[in-house]
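Enquirer: Protein chains in written order, with my numbering: chain P, 2 to 265; chain V, 2 to 265. Glycine included, C-beta positions come from ideal geometry on N, C-alpha and C. All figures in this text were calculated on a predicted structure; none of them were measured in a lab.
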DNA sequence: GGCACTATGTCCACAATATAGACATCGCCT
DNA sequence: AGGCGATGTCTATATTGTGGACATAGTGCC
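1. Any beta-carbon of chain V closer than 8 Å to the one on residue 89 of chain P?
2. So with CB distances below 7 Å, who are the chain P contacts of residue 144 of chain V?
3. Using the C-alpha atoms, what's the distance from residue 173 of chain P back to residue 135 of chain P?
4. Please list, in chain order, all residues of the same chain as residue 25 of chain V whose beta carbon is under 6 Å from its beta carbon, the five residues on each side excluded.
5. Compare the C-alpha of residue 250 of chain V against each of V/237, V/232, V/80 and V/130 and name the closest.
6. I want to verify the contact list: residues of chain V whose CB lies under 9 Å from the CB of residue 128 of chain P, in sequence order.
7. For a test of the three-state rule: what should DSSP assign to residue 48 of chain P, helix, strand or coil?
8. Cβ of residue 84 of chain V less than 8 Å from any chain P Cβ?
9. Can you grab the Cα-Cα spacing for the pair residue 178 of chain P / residue 113 of chain V, in whole Å?
10. For a quick check, are the C-beta atoms of residue 116 of chain V and residue 259 of chain V less than 8 Å apart?
11. Based on the DSSP secondary-structure assignment, which residues constitute the bridge partners of residue 127 of chain V?
12. Quick one: Cα of residue 122 of chain V to Cα of residue 95 of chain P, how far?
13. What is the rounded straight-line gap between the Cα of residue 168 of chain V and the Cα of residue 54 of chain P?
14. Could you list the residues in the segment 56-70 of chain P with a C-beta less than 9 Å from some C-beta on chain V, going in chain order?
15. If you draw a straight line from the alpha carbon of residue 141 of chain P to that of residue 99 of chain V, how long is it in whole angstroms?
16. Is the separation between the beta-carbon of residue 76 of chain V and that of residue 36 of chain V shorter than 8 Å?
17. Quick one, which of V/199, V/154, V/34 and V/254 has its alpha-carbon nearest residue 89 of chain P's?
18. Take residue 63 of chain P and list the residues in its own chain whose beta-carbon comes closer than 7 Å to its own, dropping the five residues that flank it on each side.
19. Extract the residue ranges of the beta strand (DSSP E) inside the segment 29-73 of chain V, only unbroken runs of 3 or more that lie entirely within it.
20. So, with DSSP's three-state summary, where would you put residue 191 of chain V?
21. Where does residue 143 of chain P fall in DSSP's three states?
22. With a Cβ-Cβ cutoff of 8 Å, do residue 217 of chain P and residue 120 of chain P count as a contact?
23. If you measure between the beta carbons of residue 210 of chain V and residue 234 of chain V, is that distance less than 8 Å?
24. The segment 202-224 of chain P: which residues have C-beta closer than 9 Å to a C-beta of chain V, in chain order?
25. From P/78, P/129, P/74 and P/243, pick the residue whose C-alpha is nearest to that of residue 101 of chain P; which is it?
26. Hey, could you find the ends of the alpha helix (DSSP H) residue 170 of chain P is sitting in?
27. By alpha-carbon positions, which one of P/242, P/40, P/195 and P/196 ends up nearest to residue 72 of chain P?
28. What's the call for residue 196 of chain V, buried or exposed, on a 16-neighbour Cβ count within 10 Å?
29. Per the DSSP calculation, residue 204 of chain V is bridged to which residue(s)?
30. Do residue 152 of chain P and residue 266 of chain P have their beta-carbon atoms positioned less than 8 Å apart in this structure?
31. Using 8 Å as the threshold, is the C-beta distance between residue 213 of chain P and residue 150 of chain P below it?
32. What residue range is occupied by the uninterrupted alpha helix (DSSP H) comprising residue 244 of chain P?
33. Check each candidate in P/186, P/104, P/248 and P/31 and name the one with the smallest Cα separation from residue 162 of chain P.
34. Would you please verify whether the beta carbon of residue 195 of chain V is less than 8 Å from any beta carbon of chain P?
35. Quick check: the Cα distance between residue 191 of chain P and residue 236 of chain P, rounded to an integer number of angstroms?
So this is what it looks like as structure tokens:
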């Protein structure tokens, strides 16, 4: 349980103080779409300049970061991309889920997502697009909040009551749209409803004009390990379609859970 | 040049000794297809057990690594995807391109690559394998040079004359094989020919026995943002196949460019 | 069933490491 | 010129990480 605790609190493993600093710098660089130069970097992390120089030099030496000669910026390097690619390729959940997700996409012709929990967020680990051109601007590796998305709510709805309360206690229910649940008790009720019917519904709670239906995926021990969702713009969503898609999503998640139990 | 030196020698940045240990552990985990448990891990890295425990705990705390309860193995975690997301997805180029690349692979049954430019190199951001066992040893995240590869030459051929000259001026035309272009003027002529016919050809210029055909992908403003290629061993390459594949590659790149214009 | 051996996990005194302030240098604006 | 901010480097000091040693659980052998 100690691992979980550390993960949640932003970590405080004994003997990892410096490593956490390296990660802070790496995250800063990762978050800058166009890279950062030393000046910006020293401003964006809370360490003295001398330290930042050393941290960056180490990251460069490990090829996690590359230094662009042209404009002096630091960006993510090939080593990190390699590691990320491996993560993606070797994820059992993703591999198992893929064929089901493709079927789900074919049946709905909408964007299908697969996400896993990480630090009180959901991280997308796969995405299959529909044929429609109007689409969401999510991407693999992108992260979204638990309380305002169908994958997040689906995952939450799969937790035991104790764990749910524990996690809810740590969340900040930030408002994204008018419809976002910002009251813990109302959210809890919504989640319990989701648990009962087997799917969570995001009714423009994260982004205006986007509705999503999501269901949790469980490992053999019954812990929710991820969630899938189908997303669509409001104008393609109506009661009939909702019912059809919700039942497809629920069934697909169940199938993935079953397949997972056999394989792992 | 000092950076390069460090990278090659396994690194020796002052004040990064512990970080390098973290990376060693991370790489070990990354290299194990099915993950490693503590026992295997302590054997595969040259650190005392106490230290390994701490290193792993820190990696888990940062979510670079996850601990599977069921079998006790450690595997790469979602944080890596999160970090690489912005770079890796490259404005959804990868997502958009994927289905086209799969079709291209199906049509050719050869390895298909998608690469984007980065620091005067091309970095592979996707790879789809053919069914043949003889394949290239490239990997996602790997980088190759501009002047000796079809993706590199394809990207270069998509540049305006001014930009092309600018970039060519910065390149060192390192020789990889007998056939590598090492003379800037001859390379420039080859690139202009490539631009006219819509695809670049790597005729064993990067690796002996490997030939590749590549075409650039453009964003809406006409800037080349990446390139795709089909690679094959010499013995599977003949004039007929060349013509067929070249036209497929060209058409696929055009399709991706078109789709990109609609979405972005 | 008992014993030996190996694997697993934790602790802490010490040594190696990272830190952050101070110094040196450069370039830009007034 | 001269002042100011940004950039890069150095090093004494304190914090951090280290790894051997201990405690415990698990496994195989006789």
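Expert: According to the structure data:
1. Reading the first chain from its first residue, position 88 is the one you call residue 89 of chain P. By this cut-off, residue 89 of chain P is an interface position.
2. Locating residue 144 of chain V in the second chain gives position 143, counting from the first residue. Those are 79, listed as they occur along chain P.
3. Within the first chain, residue 135 of chain P is the residue found at index 134, counting from 1. Within the first chain, residue 173 of chain P is the residue found at index 172, counting from 1. Unreliable placement is indicated for residue 135 of chain P, whose pLDDT of 49 sits below 50; the coordinate value is still reported in the next sentence. If I take the Cα positions, the gap works out to 30 Å.
4. Numbered from its first residue, the second chain carries residue 25 of chain V at position 24. Same-chain partners within the cutoff: 46.
5. As a working note, residue 250 of chain V is residue 249 in the second chain. It is V/232 whose Cα lies nearest to the Cα of residue 250 of chain V.
6. Here residue 128 of chain P is taken as the residue at index 127 of the first chain, counted from 1. Simply 96.
7. Residue mapping note: residue 48 of chain P aligns to position 47 of the first chain, counting from 1. Coil at residue 48 of chain P, not helix or strand.
8. Looking up residue 84 of chain V in the second chain gives position 83. With 8 Å as the cut-off, residue 84 of chain V counts as an interface residue toward chain P.
9. Start at 1 with the first residue of the first chain, and residue 178 of chain P comes out as number 177. Start at 1 with the first residue of the second chain, and residue 113 of chain V comes out as number 112. Cα to Cα, the separation comes out at about 42 Å.
10. For the purposes of this step, residue 116 of chain V is identified with residue 115 of the second chain, where counting begins at 1. For the purposes of this step, residue 259 of chain V is identified with residue 258 of the second chain, where counting begins at 1. No.
11. Locating residue 127 of chain V in the second chain gives position 126, where the first residue counts as 1. Paired residues: V/115.
12. What you label residue 122 of chain V is simply residue 121 of the second chain in a count that begins at 1. What you label residue 95 of chain P is simply residue 94 of the first chain in a count that begins at 1. One C-alpha to the other measures close to 30 Å.
13. Looking up residue 168 of chain V in the second chain gives position 167. Looking up residue 54 of chain P in the first chain gives position 53. Going by the C-alpha atoms only, they are around 29 Å apart.
14. 56, 58, 59, 60, 61, 62, 63, 64, 65, 67, 68, 69 and 70
15. Looking up residue 141 of chain P in the first chain gives position 140. Looking up residue 99 of chain V in the second chain gives position 98. Distance between the alpha carbons of residue 141 of chain P and residue 99 of chain V is about 13 Å.
16. Locating residue 76 of chain V in the second chain gives position 75, counting from the first residue. Locating residue 36 of chain V in the second chain gives position 35, counting from the first residue. For residue 76 of chain V and residue 36 of chain V, yes; Cβs fall inside 8 Å.
17. For the purposes of this step, residue 89 of chain P is identified with residue 88 of the first chain, where counting begins at 1. Answer by Cα proximity: V/34.
18. Translated into positions along the first chain, residue 63 of chain P becomes position 62. For residue 63 of chain P, where only same-chain residues beyond five positions count, the Cβ hits under 7 Å are 80.
19. 66-68
20. Looking up residue 191 of chain V in the second chain gives position 190. Residue state, collapsed to three classes: helix.
21. Here residue 143 of chain P corresponds to residue number 142 of the first chain, with the count starting at 1. Residue state, collapsed to three classes: coil.
22. On the first chain, position 216 is the one that residue 217 of chain P refers to. On the first chain, position 119 is the one that residue 120 of chain P refers to. Not closer than 8 Å, so no.
23. As a first step, residue 210 of chain V must be located in the second chain, where it is residue number 209. As a first step, residue 234 of chain V must be located in the second chain, where it is residue number 233. Against a cut-off of 8 Å, the Cβ pair of residue 234 of chain V and residue 210 of chain V comes out as a contact.
24. 220, 221, 222 and 224
25. Here residue 101 of chain P corresponds to residue number 100 of the first chain, with the count starting at 1. Among P/78, P/129, P/74 and P/243, the Cα nearest to that of residue 101 of chain P is on P/129.
26. What you label residue 170 of chain P is simply residue 169 of the first chain in a count that begins at 1. Residue 170 of chain P -> alpha helix (DSSP H) spans 162-171.
27. Within the first chain, the letter at position 71 stands for residue 72 of chain P. Closest by alpha carbon: P/40.
28. Residue numbering aside, residue 196 of chain V sits at position 195 when the second chain is read from its first letter. With 16 or more Cβ atoms within 10 Å of its Cβ, residue 196 of chain V is classed as buried.
29. For the purposes of this step, residue 204 of chain V is taken as residue 203 along the second chain, with counting starting at 1. According to DSSP, which records beta bridges pairwise, residue 204 of chain V is partnered with V/212.
30. There is simply no residue 266 of chain P to check, as chain P begins at 2 and stops at 265 in what is shown.
31. If you number the first chain from 1, residue 213 of chain P lands on position 212. If you number the first chain from 1, residue 150 of chain P lands on position 149. In this structure, residue 150 of chain P lies closer than 8 Å to residue 213 of chain P by Cβ.
32. Locating residue 244 of chain P in the first chain gives position 243, where the first residue counts as 1. Counting along the chain, the alpha helix (DSSP H) containing residue 244 of chain P begins and ends at 240-264.
33. Taking the first residue of the first chain as position 1, residue 162 of chain P is located at position 161. That would be P/186, whose Cα lies nearest to the Cα of residue 162 of chain P.
34. Taking the second chain and counting its residues from 1, one reaches residue 195 of chain V at position 194. Output row for residue 195 of chain V: interface = no.
35. By 1-based counting over the first chain, the position of residue 191 of chain P is 190. By 1-based counting over the first chain, the position of residue 236 of chain P is 235. Rounded to the nearest angstrom, the two C-alpha atoms are 24 Å apart.
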